[in-house]
Amino acid sequence: MTSEWSGVILWILFAAMTAFVIAAVLRPLARTQKRSIGHEKDVALYKDQLAEIERDVTRGVMAEADAVSARLEVSRRLLAADDMARSERKESEAPSNGSWRKGVALATMILLPLGTLGLYLAEGSPDLPDQPFQARINAPTSQLPVEALVVRVEQQLKQNPDDLRGWEVLAPSYVQLRRYPDAAMAWSRAIAIGGETAGRMAALGEAQVLAANGIVTPAARKSLARAVELDPAEPRAQYYLGLADIEDGNRDKALTRWKKLIAEAPKDAGWKPGLEAEVARLESGAAMPVAPGPNAADVQAAGEMSADDRQAMIEGMVGRLATRLDENPNDLAGWLRLIRAYGVLGKTDEAASATAKAVKAFTGNDDALAQIEAAGQVPQ
Amino acid sequence: MIAEIGHFALVLALGVALIQMVVPMMGAQRHDAAMMAVARPAALMQFALILVAFTALLWAFLTSDFSVSLVAENSHSTKPLIYKISGVWGNHEGSMVLWVAILALYGALVALFGNNLPDALRARVLSVQASVGVAFLLFILLTSNPFLRLDPAPFEGRGLNPLLQDPGLAFHPPFLYAGYVGLSMAFSFACAALIEGRLDASWARWVRPWTLAAWIALTLGIAMGSWWAYYTLGWGGFWFWDPVENASLMPWIIATALLHSAIVVEKRDALKSWTVLLAIFAFSLSLIGTFLVRSGVLTSVHAFAVDPARGVFILGILVIFIGGGLGLYAYRAPALKAGGLFAPISREGALLLNNLLLAAACVAVFIGTLYPLFLDAIGGPKITVGPPFFNLTFVPITLPLLCMVPLGPMLSWKRADVLAAAQRLMAAAGLAFVAGLIVLGFWHKGPWLAPLGMMLAAWLVFGAFSEIAYRLRLFRIPLRESLGKAWHLPRAAWGGALAHAGLGIVLAGIVGMTAWRIEVVTALKTGESTQVGDTVLTLEKVGLREGPNYEATTGIVKVEQDGRFVAYMLPEKRNFPVEKQEKNEAAIRTNFMSDLYVVLGENNGQGAWTIRAYRNYLAPWIWIGGVIMAFGGVISLSDRRYRVGAPLRARKLRLNAQPAE
Numbered sequence: 001m002t003s004e005w006s007g008v009i010l011w012i013l014f015a016a017m018t019a020f021v022i023a024a025v026l027r028p029l030a031r032t033q034k035r036s037i038g039h040e041k042d043v044a045l046y047k048d049q050l051a052e053i054e055r056d057v058t059r060g061v062m063a064e065a066d067a068v069s070a071r072l073e074v075s076r077r078l079l080a081a082d083d084m085a086r087s088e089r090k091e092s093e094a095p096s097n098g099s100w101r102k103g104v105a106l107a108t109m110i111l112l113p114l115g116t117l118g119l120y121l122a123e124g125s126p127d128l129p130d131q132p133f134q135a136r137i138n139a140p141t142s143q144l145p146v147e148a149l150v151v152r153v154e155q156q157l158k159q160n161p162d163d164l165r166g167w168e169v170l171a172p173s174y175v176q177l178r179r180y181p182d183a184a185m186a187w188s189r190a191i192a193i194g195g196e197t198a199g200r201m202a203a204l205g206e207a208q209v210l211a212a213n214g215i216v217t218p219a220a221r222k223s224l225a226r227a228v229e230l231d232p233a234e235p236r237a238q239y240y241l242g243l244a245d246i247e248d249g250n251r252d253k254a255l256t257r258w259k260k261l262i263a264e265a266p267k268d269a270g271w272k273p274g275l276e277a278e279v280a281r282l283e284s285g286a287a288m289p290v291a292p293g294p295n296a297a298d299v300q301a302a303g304e305m306s307a308d309d310r311q312a313m314i315e316g317m318v319g320r321l322a323t324r325l326d327e328n329p330n331d332l333a334g335w336l337r338l339i340r341a342y343g344v345l346g347k348t349d350e351a352a353s354a355t356a357k358a359v360k361a362f363t364g365n366d367d368a369l370a371q372i373e374a375a376g377q378v379p380q
Numbered sequence: 001m002i003a004e005i006g007h008f009a010l011v012l013a014l015g016v017a018l019i020q021m022v023v024p025m026m027g028a029q030r031h032d033a034a035m036m037a038v039a040r041p042a043a044l045m046q047f048a049l050i051l052v053a054f055t056a057l058l059w060a061f062l063t064s065d066f067s068v069s070l071v072a073e074n075s076h077s078t079k080p081l082i083y084k085i086s087g088v089w090g091n092h093e094g095s096m097v098l099w100v101a102i103l104a105l106y107g108a109l110v111a112l113f114g115n116n117l118p119d120a121l122r123a124r125v126l127s128v129q130a131s132v133g134v135a136f137l138l139f140i141l142l143t144s145n146p147f148l149r150l151d152p153a154p155f156e157g158r159g160l161n162p163l164l165q166d167p168g169l170a171f172h173p174p175f176l177y178a179g180y181v182g183l184s185m186a187f188s189f190a191c192a193a194l195i196e197g198r199l200d201a202s203w204a205r206w207v208r209p210w211t212l213a214a215w216i217a218l219t220l221g222i223a224m225g226s227w228w229a230y231y232t233l234g235w236g237g238f239w240f241w242d243p244v245e246n247a248s249l250m251p252w253i254i255a256t257a258l259l260h261s262a263i264v265v266e267k268r269d270a271l272k273s274w275t276v277l278l279a280i281f282a283f284s285l286s287l288i289g290t291f292l293v294r295s296g297v298l299t300s301v302h303a304f305a306v307d308p309a310r311g312v313f314i315l316g317i318l319v320i321f322i323g324g325g326l327g328l329y330a331y332r333a334p335a336l337k338a339g340g341l342f343a344p345i346s347r348e349g350a351l352l353l354n355n356l357l358l359a360a361a362c363v364a365v366f367i368g369t370l371y372p373l374f375l376d377a378i379g380g381p382k383i384t385v386g387p388p389f390f391n392l393t394f395v396p397i398t399l400p401l402l403c404m405v406p407l408g409p410m411l412s413w414k415r416a417d418v419l420a421a422a423q424r425l426m427a428a429a430g431l432a433f434v435a436g437l438i439v440l441g442f443w444h445k446g447p448w449l450a451p452l453g454m455m456l457a458a459w460l461v462f463g464a465f466s467e468i469a470y471r472l473r474l475f476r477i478p479l480r481e482s483l484g485k486a487w488h489l490p491r492a493a494w495g496g497a498l499a500h501a502g503l504g505i506v507l508a509g510i511v512g513m514t515a516w517r518i519e520v521v522t523a524l525k526t527g528e529s530t531q532v533g534d535t536v537l538t539l540e541k542v543g544l545r546e547g548p549n550y551e552a553t554t555g556i557v558k559v560e561q562d563g564r565f566v567a568y569m570l571p572e573k574r575n576f577p578v579e580k581q582e583k584n585e586a587a588i589r590t591n592f593m594s595d596l597y598v599v600l601g602e603n604n605g606q607g608a609w610t611i612r613a614y615r616n617y618l619a620p621w622i623w624i625g626g627v628i629m630a631f632g633g634v635i636s637l638s639d640r641r642y643r644v645g646a647p648l649r650a651r652k653l654r655l656n657a658q659p660a661e
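Chains A and B supply the protein sequences, listed in that same order.
In terms of our numbering, the first sequence has 282 at position 282, counting the first letter as 1, and numbering is strictly consecutive.
In terms of our numbering, the second sequence has 475 at position 475, counting the first letter as 1, and numbering is strictly consecutive.
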């Protein structure tokens, strides 16, 4: 069925539904109705109640003396209802006015379709076909976007979880989709299957950094350190370890690391010019890439900015971290990063207040308090 | 295409609801039978259309059609089938569609089975019912449309909150909604009666089955919700006085009061005005409950302000229906004829006292639930009202009520002899006392209130039995005759007794659970053991297990009693990668007298796992009792007296009128 045809069918269906509903709802207006009288039903009920009193008496729930008065009461109601029923019957014999019914019918036939159509078209998408998952996933590969390919590889890996190549294809796609924690997970699986190599460990470390909004977490450091152990010239690992040094307030160590990396790099390494620029900036004493961007693109963007803009961006990131910690103060690693970042940026007041907040959040936890204190002293 | 058909059907349903709201009411006011008759097909059509919309939404969830925005946000292609289904109402928009679907279902039921109602009353009832439908359909279409589409559609959905991926929670909203919405019937009947200016014994008889149906659904819904909280929140509590729970408890309390006061209206033509007021309040609390849970007011008043369109709409609906209902009441209630008088000591007097206590209990819950929200809204300090508040208010109010429960059914109408009624309950009181002593004998080290609580529970259960025994004249006439009587006893009497006994069983469960639970929290390495009461738990192994859409860390715990192997229990920690959330799955082993409840906690980094284990005495009774109460409701609902009123039927009954039961 072509989509044009399905559009036509859809509108025919809408029209049929509307016509059917109008016909069903208006049908009673076309016929003369016999009306049952409300109070006639009361009469039936009270008669049943009288019988119930008798049952209550024989069962012993009601004393005979009470039953006499109860009977009297129900009988009184019964008579009243009977009276009402009679007068109602007279009333209902009066002929009713047909013009009202015609008005109602006409109004319904005009307003119901118009109103429904108007409200439906305001938000409906009659041209959009259904897109069930199975049909989409089975479409030819060339027509699928990256996220669909990811889903397909995921499905294949579910069937065959030891497919090393699958994981190695999947992980960079995750990074591309900015699904960093998934990327880290995929690299871990690849490492579990194919063993540790410098490249995989560095990629894992990078994914971990990106997943933590650009902060080099202890887990990431571990992965990166392992990568460097396997291959000291692994550039990605060295780069992120440099960032870790800066996070710790250890700018000189980072410089040494990166300079050595540049010196030993092959001439045509694509990343060399960028890193050289980074080193130059760091040496000139400009603001440092603490708490780098939430993703690689942002880090790169920061590199292309003016010093002022970069400062603003970094402060924005630190600010976001601070807000997050105010909402969720139980994040020790976060506090440590924040305090160090304030120290590196030279904001001693903020550093002090962050330290105070962190101390408050971890009162009673001596181990954490010692770490907080240590973090507060690094920049001085 | 199917999604669009659902969308169109929902819009069309709004049109039909508008017709159903206006035309039958006009007909009733003008005594035009044809216009009144429009109510029936309109109610049926409205239900059919909403059913089409609901089915279309269900289809979108089942086929993971992520071009429907709601599906993309709340589902995922790997989710197991039942959570694709329950995902339909696991979100704001879908739950509102379920809400109106049930609302329309009740309307359709009145249209189909309301033959015993006078035409004018039925027309007005369906009209008021349709006005609720109009409000909610407008709310859905204007602020929470479930059929909005995405183009281009994302390839994968975002998944469903793992807490909701659970059979107990998946299927309790439909019950809860059936209860909430069922109370709209009581509201519609009350408004119709007020508009008509006619409220009598027959009205009570007509409104009661609908209230009863709603009450049954609400009872089951609350029981399921509490059961879910028990096994899923990981520490075995069963009731948290959480606002979401309170939101369902309040309409339940008022519905219970309404059930009892409707008996007085029906039998004695008294308490009419009060009963109408209860009907209005019951539905008002349902509305508040629905919106408290669904609007985000509970998480924070500020979340409410994030989406002002929705918030203002909700406030509007609340004001129109609660204000409108109460306004109508203030305007018309004085015109209602006052019914017969009665002595304070009588069945109706006892029912009135029951109503007053229930209303007071509801007020206590209401204050405890809404006062913190109110303070927050006016910028006051953030406070939380926890169990201590409810223990000091709700419990003292309900205790005298519970003491009275067995007495009520023993009193006769109009004027009662308390002494005679008390004598009939001597046996029950004696048995309850003995039960208390036995409990004291076994648990003399426990809290001193526990035996008293168990005594009260036993009093409720035995009291319910005594009522039946008294009615059957058990032990006073030959057993065979008694059994013969049992068959002819009105089902409502059986139902009432069952519900009261169920209440006693719930109470026993609550007492057992709060007074005697044993709790052990420890860290175990694999191979190590701990002791919970007389049970020895050994953590044999901890491993990974792959679920359909989660990875579970599963502990294998060996259970031994008196050195004898009993079973393996498998507490789990499930990690849902799509939703990036973790969920604890407690292992529970029950023998219906007590539960053994084991939770696997975190690894402490030194090879040991935190294990929390509980022995919860009588815990299953809480839910068994709830089910018994609901079952009592079902029995009572099947009582033939709800089917009389139709002249034909009544005539037949008189013909076969059997001499007594």
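Virtual Cβ for every residue (Gly too), placed ideally from N, Cα, C.
Please read these numbers as outputs of a predicted model, since none were measured by experiment.
Inset, instruction - Please report how far the alpha carbon of B:F702 lies from the alpha carbon of B:V599, in whole angstroms. - result: Given that chain B is displayed from residue 1 to residue 661, the structure contains no residue 702 of chain B and the question cannot be resolved.
Legend entry - Strand pairing of B:G543, partner residues [DSSP]: DSSP, once it has assigned bridges, lists B:T554 as partnering B:G543.
Legend entry - Contact check, B:T526 vs B:L537, beta carbons under 8 angstroms: Their beta carbons are not under 8 angstroms apart, which means B:T526 does not touch B:L537 by this criterion.
Inset, instruction - Would you mind working out which of B:L353, B:I102, B:V405 and B:R158 sits nearest B:N74, comparing C-alpha positions? - result: Selected option, being the one with the closest Cα: B:R158.
Inset, instruction - Just tell me which of B:Q20, B:M21, B:G90 and B:L137 has its CA closest to the CA of B:I50. - result: Closest option to B:I50, Cα to Cα, is B:L137.
Inset, instruction - Indicate whether B:L637 and B:P209 have their beta-carbon atoms separated by less than 8 angstroms. - result: Against a cut-off of 8 angstroms, the Cβ pair of B:P209 and B:L637 comes out as a contact.
Inset, instruction - Just mark A:Q159 as buried or exposed, buried being the case when its beta carbon has 16 or more other beta carbons within 10 Å. - result: Flag for A:Q159 reads exposed.
Inset, instruction - Could you have a look at B:M569 and say whether DSSP puts it in helix, strand or coil? - result: Strand.
Inset, instruction - Tell me, please, whether the CB atom of A:E93 is closer than 8 angstroms to any CB atom in chain B? - result: Per-residue confidence for A:E93 stands at a pLDDT of 49, beneath the threshold of 50, marking its modelled position as unreliable; no derived number is given.
Legend entry - Cβ of B:H7 within 8 angstroms of any chain A Cβ: Residue-level contact check: B:H7 touches chain A, since one or more beta carbons of chain A fall below 8 angstroms from its beta carbon.
Legend entry - DSSP-derived helix/strand/coil call for B:R517: It is coil, neither helix nor strand.
Inset, instruction - Scan the region 593-626 of chain B for residues whose Cβ lies nearer than 8 angstroms to a Cβ of chain A and list them as they occur along the chain. - result: In summary, no residue of the region 593-626 of chain B has a CB separated from any CB of chain A by less than 8 angstroms.
Legend entry - Beta-carbon proximity check, B:S69 vs B:L150, cutoff 8 angstroms: For the 8 angstroms CB-CB criterion, B:S69 and B:L150 form a contact.
Inset, instruction - Go to B:G601, then tell me how far its alpha helix (DSSP H) extends in each direction, as first and last residue. - result: Careful: B:G601 lies outside any alpha helix (DSSP H), inside the beta strand (DSSP E) at S594 to N603.
Legend entry - Among B:K84, B:F631 and B:T275, nearest to B:R491 - alpha-carbon criterion: If we check each option's Cα against that of B:R491, B:F631 comes out closest.
Legend entry - chain A contact residues for B:P41, given Cβ-Cβ distances below 8 angstroms: Correct list: A24, V25, R27 and P28.
Inset, instruction - Output the distance between the C-alpha atoms of A:A351 and B:L370, rounded to the nearest integer angstrom. - result: Each residue's alpha carbon lies about 40 angstroms from the other.
Inset, instruction - Take every Cβ of the region 192-207 of chain B, pair it with every Cβ of the region 465-477 of chain B, and state whether three or more of those distances are shorter than 8 angstroms. - result: Verdict: no, contact absent.
Legend entry - Inter-residue Cα distance where the pair is A:G129 and B:F147: A quick correction: the sequence has Pro, not Gly, at residue 129 of chain A. Looking at the backbone, the Cα of A:P129 and that of B:F147 are separated by about 13 angstroms.
Legend entry - C-beta contact flag for A:L275 and A:L261 at 8 angstroms: In this structure, A:L261 lies closer than 8 angstroms to A:L275 by Cβ.
Inset, instruction - Assign A:L121 to buried or exposed, taking buried as 16 or more other Cβ atoms, counted over all protein chains shown, within 10 Å of its Cβ. - result: Counting of Cβ neighbours within 10 angstroms places A:L121 among the exposed residues, the total staying below 16.
Legend entry - Spatial distance of B:V23 from B:W99 (CA atoms): One alpha carbon belongs to B:V23, the other to B:W99, and they sit about 24 angstroms apart.
Inset, instruction - Can you give me the Cβ contacts of A:L332 inside the same chain, cut-off strictly under 6 angstroms, excluding the 5 residues immediately before and after it? - result: Excluding sequence neighbours, A:L332 sits near A368.
Inset, instruction - Round the Cβ separation of B:K583 and A:A70 to the nearest angstrom and send it over; I've been treating them as touching at under 8 angstroms. - result: Taking 8 angstroms as the upper bound for CB-CB distance, B:K583 and A:A70 are not in contact here, some 59 angstroms apart.
Inset, instruction - Note down the Cα distance separating B:A333 from A:D48, rounded to an integer number of angstroms. - result: Cα-Cα distance, rounded: 27 angstroms.
Inset, instruction - Starting from A:T381, trace the alpha helix (DSSP H) both ways and give me its first and last residue. - result: There is no way to answer for residue 381 of chain A, as the model of chain A reaches only from 1 to 380.
Legend entry - Close Cβ partners of B:I5 (< 8 angstroms) along its chain, the five nearest in sequence each way excluded: Its chain contains V52 and A56 as the residues whose beta carbon lies nearer than 8 angstroms to that of B:I5, once the 5 sequence neighbours on both sides are disregarded; these appear in chain order.
Legend entry - Burial state of B:M593, where buried means 16 or more other Cβ atoms lie within 10 Å: B:M593 comes out exposed.
Legend entry - Member of A:T116, A:D56, A:G194 and A:D252 whose CA lies at the smallest distance from the CA of B:A17: When only C-alpha atoms are compared, the closest one is A:T116.
Legend entry - Beta-carbon proximity of A:A212 to A:A220, cut-off 8 angstroms: Judged by beta-carbon spacing, A:A220 lies within the 8 angstroms limit of A:A212, meaning their Cβ atoms are closer than that value.
Legend entry - Chain-ordered neighbours of B:D65 on chain A, where CB pairs are closer than 8 angstroms: For the C-beta of B:D65, the chain A residues within less than 8 angstroms are, from N- to C-terminus, D130, Q131, P132 and F133.
Legend entry - Reference A:I215, options A:Y239, A:V74, A:E54 and A:T256, closest by Cα: Taking each of A:Y239, A:V74, A:E54 and A:T256 in turn and checking the Cα distance to A:I215, the smallest one comes out for A:Y239.
Legend entry - Listed by chain order, chain A residues near B:L141 by CB distance under 7 angstroms: By Cβ distance, chain A contributes L119.
Inset, instruction - Return the first residue and the last residue of the alpha helix (DSSP H) that B:R40 is part of. - result: Per DSSP, the continuous alpha helix (DSSP H) segment holding B:R40 begins and ends at A39 to L62.
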